[in-house]
Amino acid sequence: MPARTWSVADKFRNNMRTKLQNILPLIAALTLGTVTAVFAHNPGGKPDPMNASLEKLKGAEFEQSFLQQMIQHHRSGIEMAKLASDHTSRAELRQFAEKMISKQQAEIDKMTGWLKSWYNASLKEVANEAADKDMKMHMSMLSGKKDSDFDKAFLEMMPKHHHAAVEMAEQAEKKATHPELKELAATMAKDQQAEIKQLKDWAQSWFGPA
0 MPARTWSVAD KFRNNMRTKL QNILPLIAAL TLGTVTAVFA HNPGGKPDPM
50 NASLEKLKGA EFEQSFLQQM IQHHRSGIEM AKLASDHTSR AELRQFAEKM
100 ISKQQAEIDK MTGWLKSWYN ASLKEVANEA ADKDMKMHMS MLSGKKDSDF
150 DKAFLEMMPK HHHAAVEMAE QAEKKATHPE LKELAATMAK DQQAEIKQLK
200 DWAQSWFGPA
């Protein structure tokens with residue numbers, strides 16, 4: 000059988016096929032890397048609106064926005080925690096909520112004072128509209144549950160809420176200019192990571208694997 004004579008078109012197609020075979024794994028790796036980078040620290044797979052808004056800021060602009068948004072975030076966490084007083088029968092969750100409310104209110108007071116003394120800024124009613132909308136939806140869902148149903152929902156939602164705060168605090172540790180704010184951010188991240196672990200341990204112990 001005579002050897003095949005390759006046309007210019009054959010050579011072109013063969014060359015393109017080889018290039019595609021070489022480049023497709025690279026495209027897949029880059030795509031996966033991008034997705035991983037976007038969602039790496041987000042347990043829900045949806046970008047957190049507060050962290051997203053802070054990423055592009057720096058200096059005084061970052062600090063003011065961080066303080067306003069973290070105060071809003073703490074307020075929403077306190078609202079969730081207050082539900083535990085009459086929505087759960089577990090003493091552990093009620094005690095956890097009481098401690099969290101006390102700690103976060105003290106941090107709100109401190110951050111509100113810094114806003115005034117550093118930037119002569121008043122506290123905004125809502126610093127991030129998208130986060131406020133998400134929180135209202137979550138509160139509506141949580142407030143309609145009682146006992147074990149509430150416990151399960153609380154143990155799922157509060158770690159996600161804390162996780163966003165940890166990410167915000169990590170940004171502040173790197174980007175804040177006031178050492179007091181860096182120190183508070185480090186404390187917040189450490190405390191809320193410990194609380195996330197406690198909540199996840201209870202979820203495993205009370206309800207088994209997710």
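Just so we're aligned: the sequence shown equals residues 0 to 209 in numbering that gives the first Met the number 0.
The C-beta atom is built at its ideal place from N, Cα and C for all residues, glycine as well.
In this structure, the straight-line span from the alpha carbon of Glu62 to that of Glu78 is close to 24 Å.
For Leu154, the enclosing alpha helix (DSSP H) begins and ends at Asp146 to Lys174. Apart from the 5 residues on each side of it in sequence, Lys151 sits with its Cβ closer than 7 Å to the Cβ of Phe206 in its chain, given in chain order.
Met140 counts as exposed, since fewer than 16 other beta carbons sit within 10 angstroms of its beta carbon.
CA-to-CA, the gap between Pro208 and Gln192 works out to about 20 Å. Comparing alpha-carbon positions, the option among Ala188, Ser116, Lys173 and Trp117 lying closest to Pro158 turns out to be Ala188.
The Cβ atoms of Leu183 and Glu106 sit closer than 8 Å to each other. Shown here for Ala126: same chain residues with a beta carbon closer than 6 Å to its own, the five before and five after excluded, namely Gln67, Gln68 and Gln71 in chain order.
Around the beta carbon of Asp85, fewer than 16 other beta carbons lie within 10 angstroms, which makes this residue exposed. Of the candidates Met134, Lys199, Met167 and Ser101, Met167 places its Cα closest to the Cα of Ala185. Distance between Ala80 and Ser142, taken at the CA atoms: about 11 Å. Phe95 and Lys132 have their C-alpha atoms roughly 26 Å apart. A Cβ-Cβ distance of about 6 Å is found for the pair Lys181 and Glu172, placing them in contact under the 8 Å criterion. In the DSSP assignment, Ala96 falls within the unbroken alpha helix (DSSP H) covering Ala90 to Tyr118. Spatial neighbours of Met49 in its own chain (CB-CB distance under 7 Å, excluding positions within 5 residues in sequence) are listed in chain order as Gln68, His72, Asn127, Ala130, Ala163 and Met167.
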